[in-house]
Structure formats: structure tokens, C-alpha cells
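Numbering (UniProt numbering), first residue to last: 1 to 184.
All C-beta atoms, glycine included, are put in the ideal place defined by N, C-alpha and C.
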């Protein structure tokens, strides 16, 4: 499964100077090419974290990391949240941290931290209380993953100055409205 023309994600991430993953995520989600829903969010969340971590001083080749993340995240289909019980945005953050730490199946360092982070993200997303909102769940995942990335990679990632207001709620027939922290 491909992210159908998601080269714009990589382009924006490579030219970004931001160290705030939540702000970069908003920039990515605001481009006309970004749909309201779908598996591209399984790439966006981790891409924002990797790009900002690199700008904050993390090791690694960002272009290669983004390529690897795109490949891994392309295996997470739309609807994974319902069908697998795992939100693709949370999985994306886990993939990104695993890539940044160069985790491997038999490498002990980094393994537990990545699993714990994804578990934390999934709990926060589940407690949001409703399915089918890729924007909300991506926002939750990236905001909650930011301190995990800062600690694990030894960098200082920025936190957003304000909470964004959703611009796609009218496109979501199951929007939870004022129960969502991003509804406006």
C-alpha cells in the first residue's frame, strides 16, 4: 500500500526548520494534498517527529529516515484503528522512534521505551472516546510522543504555543463536536 503521491510530506519535512512536531504536523495537515482521513496520517505523525528531532540535533540521515518511515507505514492500512485495534498515527510515532534509535528485533536498547511510548499514545487516543478522526488522533499522538522523543534522543523538542482548531469537522459524519479538544 502506498501513500499515493505523498512526496509532499518528505519535501516539507526536509525544508522545515521547526523543532516543534505539533506545529510541523499542522503545516503538513493544512496542505491541499492532505485528505481529511486516511493512511497518509500513518506517515505524517512520525515524519513530523523525525524532522523536528533532526532539527533539534538528533543523529541520523533525515532523508533516509523519512524513506524508511514511508516504507514501514505503507504497511498500515486505512482503518487499522478498527480492524487491528491500533491507531496508525500511534504506530507511526513508534516506527519513527524505532528508526531514530536504530532499533532492531534483537537489540535491547530502545525496545522497551518505544513499546511504552506507543502504549501511552494508544491509551490517550482511546480515551478521546470516538473512532474515525485521523486529524484528532494524529494531534494527540504527536503531542504525547514529543516528550518521549526528547528523552530518548537527548534533544529538546518544542511544544506548541496553542491548541489548533479543526477545519475538517464538517467532513466527518461521526465528529464528536465539542467533546473534541480541537473542535472549534
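Quick check on residue i: does DSSP put it in helix, strand or coil?
i	result
residue 173	coil
residue 107	coil
residue 84	coil
residue 57	coil
residue 248	There is simply no residue 248 to check, as the chain begins at 1 and stops at 184 in what is shown.
residue 159	coil
residue 142	helix
residue 34	coil
residue 9	helix
residue 180	coil
residue 17	coil
residue 150	helix
Using the Cα positions of residue i and residue j, report the straight-line distance between them to the nearest angstrom.
i	j	result
residue 26	residue 104	31 Å
residue 144	residue 68	22 Å
residue 19	residue 46	14 Å
residue 5	residue 147	30 Å
residue 34	residue 28	7 Å
residue 171	residue 184	14 Å
residue 128	residue 80	17 Å
Measure from the alpha carbon of residue i to the alpha carbon of each residue in the options, then state which is nearest.
i	options	result
residue 54	176, 40, 150 and 161	150
residue 41	52, 77 and 62	77
residue 65	84, 100, 7 and 75	100
residue 120	155, 94 and 172	94
residue 174	130, 106 and 164	130
residue 83	123, 110, 128 and 132	132
residue 21	159, 176 and 85	159
residue 162	30, 181 and 172	181
residue 97	171, 43, 7 and 9	43
residue 157	85, 51 and 36	51
residue 164	10, 23 and 8	23
residue 86	71, 60 and 118	118
residue 71	107, 124 and 10	10
Can residue i and residue j be called in contact, C-beta distance under 8 Å?
i	j	result
residue 137	residue 91	no
residue 49	residue 142	yes
residue 168	residue 58	no
residue 134	residue 38	yes
Say whether the stretch 8-26 touches the stretch 104-116, bearing in mind that this needs 3 or more beta-carbon pairs closer than 8 Å, one atom from each stretch.
-> no
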